[in-house]
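> From first to last, the protein sequence lines are chains A and B. Residue numbers for the first sequence follow this note's numbering, so the first one is 1 and each next one is one higher. Residue numbers for the second sequence follow this note's numbering, so the first one is 349 and each next one is one higher.
Protein chains: 2
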Amino acid sequence: MSLTIGLDAMGGDAAPGIVVAGAARALESQPDLAFLLFGDLPRVEPLLGQHERLRTRTTLRHTPDSVAGGAKPSTALRQGRNSSMRLAVNAVKEGEAAAAVSAGNTGALMAMAKFVLKTLPGIDRPAIASVLPARQRPVVVLDLGANIECGAEDLFQFAVMGEVFSRVMLGVSKPRVGLLNVGTEELKGGEVVRGAATMLRESRLAIDFHGFVEGTDVTEGVVDVVVTDGFTGNVALKIAEGTAAMFTSALRDVIRGGGWRAKLGYLLARPAFAVLREKFDSRRYNGAMFLGLNGVVVKSHGGTDAVGFAAAIAVAADLVRKGTNQRIIDEMGATGAATIPVAAATAS
Amino acid sequence: MSLTIGLDAMGGDAAPGIVVAGAARALESQPDLAFLLFGDLPRVEPLLGQHERLRTRTTLRHTPDSVAGGAKPSTALRQGRNSSMRLAVNAVKEGEAAAAVSAGNTGALMAMAKFVLKTLPGIDRPAIASVLPARQRPVVVLDLGANIECGAEDLFQFAVMGEVFSRVMLGVSKPRVGLLNVGTEELKGGEVVRGAATMLRESRLAIDFHGFVEGTDVTEGVVDVVVTDGFTGNVALKIAEGTAAMFTSALRDVIRGGGWRAKLGYLLARPAFAVLREKFDSRRYNGAMFLGLNGVVVKSHGGTDAVGFAAAIAVAADLVRKGTNQRIIDEMGATGAATIPVAAATAS
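1. Which residues of chain A have a Cβ atom closer than 7 Å to the Cβ of L599 of chain B, listed in chain order?
2. Whole angstroms are fine: how far does the CA of G360 of chain B sit from the CA of N453 of chain B?
3. Is it the case that the Cβ atoms of G531 of chain B and D565 of chain B are separated by a distance below 8 Å?
4. Per DSSP, what kind of secondary structure is T335 of chain A in: helix, strand or coil?
5. Can you tell which of A:H301, A:R270, A:A159 and A:L268 has its C-alpha closest to the C-alpha of Y285 of chain A?
6. Give me the Cα-Cα distance between S432 of chain B and V164 of chain A, rounded to the nearest whole angstrom.
7. If you follow the beta strand (DSSP E) that S130 of chain A is in, where does it begin and where does it stop?
8. Quick one: does E214 of chain A have its CB under 8 Å from some CB of chain B?
9. Any Cβ of chain A within less than 8 Å of the Cβ of I476 of chain B?
10. Quick one, are the C-beta atoms of A129 of chain A and M289 of chain A less than 8 Å apart?
11. In the structure shown, what three-state DSSP assignment does A691 of chain B receive?
12. Check for me: the beta strand (DSSP E) holding K647 of chain B runs from which residue to which?
13. Looking only at DSSP bridge pairs, what is H62 of chain A linked to?
14. In terms of DSSP beta bridges, what is G11 of chain A paired with?
15. If we count the other Cβ atoms within 10 Å of its Cβ and call it buried at 16 or more, is T404 of chain B buried or exposed?
16. Which of the three DSSP states is assigned to M349 of chain B in this structure?
17. Do the segment 123 to 141 of chain A and the segment 227 to 237 of chain A touch if we need at least three Cβ pairs shorter than 8 Å?
18. Excluding sequence positions up to five away, which residues of its chain have a Cβ less than 7 Å from the Cβ of F628 of chain B?
19. I'd like to know if the segment 291 to 300 of chain A and the segment 314 to 331 of chain A are in contact, where contact means that at least 3 CB-CB pairs between them fall below 8 Å.
20. Sort out for me which residues DSSP pairs F158 of chain A with in a bridge.
21. How is the alpha helix (DSSP H) around R321 of chain A delimited, first residue to last?
22. Between the alpha carbons of G190 of chain A and T228 of chain A, how many angstroms are there, rounded?
23. Would you mind stating whether N181 of chain A and K188 of chain A have Cβ atoms separated by less than 8 Å?
24. Would you tell me roughly how many angstroms separate the C-alpha atoms of F386 of chain B and A461 of chain B, rounded to the nearest one?
25. Measure the C-alpha to C-alpha separation of A272 of chain A and Y266 of chain A and round it to an integer number of angstroms.
26. Output yes or no for whether 8 Å exceeds the beta carbon distance between I353 of chain B and A654 of chain B.
27. Select from the segment 35 to 67 of chain A all residues with a C-beta closer than 9 Å to any C-beta belonging to chain B, and list them in chain order.
28. Can you name, in chain order, every residue of its own chain whose Cβ lies under 7 Å from the Cβ of L396 of chain B, other than the five neighbours on each side?
29. Can you find the residues in the same chain that come closer than 6 Å, C-beta to C-beta, to R176 of chain A, ignoring five residues on each side of it along the sequence?
30. Tell me the DSSP secondary structure of A436 of chain B in three-state form.
31. Could you pull out every residue in the same chain whose Cβ sits closer than 6 Å to the Cβ of I123 of chain A, ignoring the five residues on either side in sequence?
32. At the level of alpha carbons, what is the spacing between A363 of chain B and G635 of chain B?
33. Please state whether the Cβ-Cβ distance between L384 of chain B and L351 of chain B is less than 8 Å.
34. Could you list the residues in the segment 181 to 193 of chain A with a C-beta less than 7 Å from some C-beta on chain B, going in chain order?
35. For chain B, find out if any of its Cβ atoms is closer than 8 Å to the Cβ of M246 of chain A; answer yes or no.
36. Which of the three DSSP states is assigned to T576 of chain B in this structure?
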């Protein structure tokens with residue numbers, strides 16, 4: 001079945017090059033994809049010309065406007081009505097595209113997505129979720145930066161969405177959900193995390209709530225879903241990225257500075273290192289989902305390449321095909337939240 | 349000059365063994381140290397008997413009480429009046445010891461230290477500070493968990509203390525100070541971090557305020573001092589530890605699973621790996637300071653060994669010898685804070 005993805009051709013450090021090359025790459029593994037590409041025609045068209053098959057599967061819509069990387073979300077929302085980013089989001093709202101993908105300004109994309117698509121029934125605020133490497137198996141972490149300050153109810157909703165995501169998208173049969181805190185004891189942390197813990201423990205949902213987890217538990221893979229506010233989640237994500245980068249570069253430095261023995265050793269062990277590189281390749285984990293929106297929007301890392309952008313497209317297609325949003329609506333219906341539509345409530 | 353350190357012999361996963369062995373080790377490199385050791389005599393005395401020189405430099409005070417690792421700080425404060433931890437802190441208050449070191453329950457130690465020693469003039473709340481590895485040079489991070497919720501004024505005070513620490517203890521001549529946030533732009537983050545940024549920009553102090561830093565900037569070493577609230581700092585610290593541990597174990601796994609080539613490669617490159625291990629050895633960074641107290645208290649990691657505990661003792665001795673607390677008092681006096689004593693105010 002053909003699936004059309006709306007793409008912001010102008011978002012990201014190396015746009016539009018990586019967007020077009022990423023789409024071509026995604027099409028290789030999923031030939032039924034089609035694209036609605038928004039961007040600056042004189043720049044995008046020549047690139048598209050290099051990919052014969054992609055050209056036949058792509059509708060190009062010209063717009064000279066794009067959202068600057070450093071633009072304030074409110075400014076982007078007001079002044080970017082004809083930007084490539086906004087038009088890609090509009091395409092989802094209007095049913096022209098099943099999902100939108102952008103590597104542009106995260107805050108602007110979230111502001112536009114919330115404004116245009118609104119949230120799912122029962123969800124007050126969307127969250128940014130991503131899959132991160134952990135010792136045992138990858139873990140879903142949210143919120144990664146959409147909501148700087150959160151209440152207990154927000155964290156509860158994030159937990160519901162993250163659990164659905166883990167089940168539907170990663171195939172974990174009974175995901176364990178943890179709340180990120182400074183310790184695992186019940187009395188740890190402030191009112192918000194403790195309130196969310198109470199809500200999760202007393203919830204009618206069949207969520208496997210593990211309780212509080214600490215930073216070290218995240219990478220250990222003690223739980224499948226880690227729930228936190230957007231401030232802490234964003235810092236945690238970037239600290240993990242930074243630590244991995246520091247480690248990798250220190251490894252390279254000691255090999256380089258270690259003389260012939262170290263260099264020969266590295267050459268011999270190179271296939272093993274390749275396995276390691278593959279395991280932690282951030283491109284594999286590219287594509288952060290805006291969970292809780294009434295539509296599918298995926299944010300690619302701004303500094304990614306074609307491989308990473310193709311991964312973000314694959315995430316968007318997967319979210320649509322697996323009906324993730326409907327599963328979240330059903331689950332929120334089961335919580336007995338007052339705001340759910342009648343259809344979802346009677347189905348529960 | 350002889351310097352007496354009060355030790356909680358019963359705190360830590362492997363206490364009292366690592367405490368006694370750590371003290372013996374610290375004494376090897378600093379022969380002028382002396383110890384006031386609080387703990388369970390029948391358990392501690394035989395261990396002390398194994399270290400001839402340490403025995404001559406140690407006064408042992410018996411107490412059967414100790415603070416449980418999972419005890420609530422308020423309970424420990426109420427019920428632990430005769431605990432080894434409390435007596436070590438009391439010794440600082442009474443001038444019997446120049447500093448106290450414990451590998452026990454962090455929350456209990458902080459509660460006791462605040463109750464017994466009070467804070468320095470101008471400081472409302474003490475913070476836990478530690479030195480972490482970063483790409484260029486180690487970075488001071490605070491607060492790592494003493495204050496779950498902080499106001500702008502708290503973060504401002506942490507910045508002043510962290511800057512003094514970097515200068516006095518690490519010898520950085522003009523430390524750059526950053527506030528941890530979800531982005532570097534001025535409009536990022538909530539009211540608290542933005543309020544603290546304003547205070548730091550407008551301060552009369554000669555602090556080199558860099559502005560906001562993100563998680564990746566911490567490990568890059570963009571600044572020398574990273575200031576954050578205790579919730580975010582604690583999560584960040586443990587995420588960094590967890591990521592490093594995950595990376596190390598993945599490296600070991602690929603070498604082990606990589607056949608003879610990988611194993612031979614590892615053997616050849618082993619000296620290089622040893623350099624790496626040394627660089628990231630958490631024992632080197634052991635010893636978190638409780639900054640802002642009217643006395644020196646250092647918390648060792650609970651799971652450390654003798655090498656790590658000796659490092660924590662060295663940190664305590666260094667804090668005392670360099671007169672860090674007086675430097676903080678002087679610096680806070682220079683801010684013109686209302687609470688400073690007359691002596692410090694006229695000196696500014």
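Don't be surprised by glycine CBs; every beta carbon is placed ideally from N, CA and C.
In short, the structure shows the following:
1. L276
2. 8 Å
3. no
4. coil
5. A:H301
6. 48 Å
7. A127 to L132
8. yes
9. no
10. yes
11. Bear in mind that a pLDDT of 37 at A691 of chain B, under 50, signals an unreliable position, so the model cannot answer this.
12. V644 to K647
13. A:G39
14. Bridge partners of G11 of chain A: none, in fact.
15. exposed
16. coil
17. yes
18. P481 and A592
19. yes
20. BP columns for F158 of chain A are empty, so no partner.
21. A306 to R321
22. 12 Å
23. yes
24. 16 Å
25. 9 Å
26. no
27. none
28. V368, L402, R403, T406 and L408
29. D208, H210, V223 and D224
30. helix
31. Q157 and G292
32. 16 Å
33. no
34. V182, E185, L187, G189 and G190
35. yes
36. coil
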